[in-house]
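In the numbering used here, the protein residues as written are 6 to 427. We put the beta carbon where it would ideally sit given N, CA and C, even for glycine.
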Ligand code: SF4
């Protein structure tokens, strides 16, 4: 029988938090191979590393302080490897023999040192076994991965077409995970918008939706098989076409009497949150809802893609409050550090969100190759086209471009934290 090893590598970053992250694509491949008669095993560098869970079950991740790569030497922050100790990784792969193929995934582009380390160690252990690298870094920085990762095959984009995503009964191999308390689910792929800073279309060119009945059967299966009661939606546009999609799914949940909790860390489109959807969210235990605004500057809203207006947000929050949500469970994303968003006005954004009875959630900007923003930054010679992916890091990108950023960002964070408590 053919044997395949799946590997979820370390995160290398200045900071990281687990919002229910799981290597879904990798586990989907695992299930696909299993159905073809392959024996599949997993080495997950995040296994057993979740620490200090918060009230929603999200957590810090075990970390080790490590030397910064040379090009980050001047950044005055500690740099970490998140996940299991290297010795544990070596121990896990030393216990595996005769592997025919290895599949390794990748997350953020600037986490690539963790991917490269895993590939190096895997090559030392299984020197003739072909390694296929996929995921976000391999897609967005395909050339960099080809030239530097030492993987044998570099996969670009999604491994599966829509047929697989929409198929009933084809679930990621979550049984291979140790921690199944919170699991990711997805009703849709892609997004109908084209925001200038977003990479969504590189993974799914078109918006697609699976049958909500299939998703309902999927969550019920996870509940039966693993006892899972908490689910994180990975969708980019969950509320889009809600009458045929998410509303139908939530009605099925209500009818079943199941008591689950749901989370939307990716941010919802305010304009699609009507009264009915708000009520369904409340009845089905959505917690800490996240809605995307990015900025209250209406010129920038239009220029970056027109996915939301201030009025959309006002109506959405009004509907959600009428359905019973309190400030504690309503977070609105504000983008901080993009060159076209005046940081002086970010304070106004936060005051605006607070005036609507919600919390502001600050998201740091980072440029993603392939997006319109990135092309403009290159065209205006603000960044070089082939900058190392380490410079995409959201923690440092704006600091390097804007000398006043660190002081201003600290001020904004303190202000936001105080206002969110009121
Ligand atoms: S609406 Fe959200 S997911 Fe869609 S393109 Fe814009 S940022 Fe990306």
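Should residue i be listed as close to the ligand SF4, given that the test is whether its C-beta is under 8 Å from any heavy atom?
| i | result |
| --- | --- |
| residue 312 | yes |
| residue 244 | no |
| residue 197 | yes |
| residue 121 | no |
| residue 274 | yes |
| residue 295 | no |
| residue 302 | no |
| residue 345 | no |
| residue 206 | yes |
| residue 370 | no |
| residue 202 | yes |
| residue 378 | no |
| residue 317 | no |
| residue 72 | no |
| residue 279 | no |
Do residue j and residue i count as a contact pair if the criterion is CB distance below 9 Å?
| i | j | result |
| --- | --- | --- |
| residue 201 | residue 308 | yes |
| residue 250 | residue 139 | no |
| residue 263 | residue 321 | no |
| residue 236 | residue 188 | yes |
| residue 18 | residue 63 | no |
| residue 84 | residue 397 | no |
| residue 149 | residue 117 | yes |
| residue 212 | residue 245 | yes |
| residue 199 | residue 25 | no |
| residue 163 | residue 193 | no |
| residue 247 | residue 294 | no |
Using the three-state DSSP reduction, which class does residue i fall into: helix, strand or coil?
| i | result |
| --- | --- |
| residue 69 | strand |
| residue 330 | coil |
| residue 367 | strand |
| residue 144 | helix |
| residue 404 | helix |
| residue 45 | strand |
| residue 383 | helix |
| residue 74 | coil |
| residue 225 | helix |
| residue 297 | strand |
Grab the span of the beta strand (DSSP E) containing residue i for me, first residue to last.
| i | result |
| --- | --- |
| residue 18 | 16-18 |
| residue 13 | 8-13 |
| residue 335 | 335-341 |
| residue 416 | That residue, residue 416, is in no beta strand (DSSP E); its alpha helix (DSSP H) goes 410-426. |
| residue 268 | 266-268 |
| residue 278 | Counting along the chain, residue 278 falls outside any beta strand (DSSP E), and DSSP gives it neither H nor E. |
| residue 1 | Any answer about residue 1 is impossible in this case: the structure gives the chain only from 6 up to 427. |
Hey, could you find the ends of the alpha helix (DSSP H) residue i is sitting in?
| i | result |
| --- | --- |
| residue 34 | 29-40 |
| residue 303 | 303-308 |
| residue 353 | 348-360 |
| residue 170 | 167-171 |
Taking residue i and residue j to be in contact with their CB atoms under 8 Å, please state how far apart those CB atoms are, rounded to whole angstroms.
| i | j | result |
| --- | --- | --- |
| residue 356 | residue 325 | With a Cβ gap of about 20 Å, residue 356 and residue 325 do not count as contacting. |
| residue 400 | residue 339 | Rounded, the Cβ-Cβ distance is 16 Å, inconsistent with contact. |
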